[in-house]
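Trainee:
Numbering (the numbering used here), first residue to last: 48 to 118.
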């Protein structure tokens with residue numbers, strides 16, 4: 048009886064550890080393919096849209112994006 052409980056606890060611990068490492072690997076690959084937007088990327092996007100980006104405007108947009116993401 049206690050053997051079943053021990054096997055269940057070990058299987059649960061192994062599943063949690065394996066799930067953590069798989070999720071970590073997935074997120075690292077995702078962030079490598081889709082990096083978060085930084086000031087340089089924002090400046091390039093604004094220039095592509097035909098706007099002349101000032102540092103004040105970039106700072107405003109970065110703070111708005113950070114606020115929206117809950118940082």
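Virtual Cβ for every residue (Gly too), placed ideally from N, Cα, C. Note that this is a predicted model, so its numbers are computed, not measured.
Where do the ends of the alpha helix (DSSP H) carrying residue 62 lie?
Mentor: Per DSSP, residue 62 belongs to the alpha helix (DSSP H) from 49–80.
Trainee: Would residue 89 and residue 75 qualify as a contact pair, given that the criterion is a beta-carbon distance under 7 Å?
Mentor: No, they are not a contact pair.
Trainee: Which value, in whole angstroms, describes the spacing of the CA atoms of residue 111 and residue 51?
Mentor: Whole-angstrom Cα-Cα distance: 53 Å.
Trainee: Would you kindly work out how many angstroms separate the C-alpha atoms of residue 92 and residue 64, rounded to a whole number?
Mentor: Roughly 40 Å between the two C-alpha positions.
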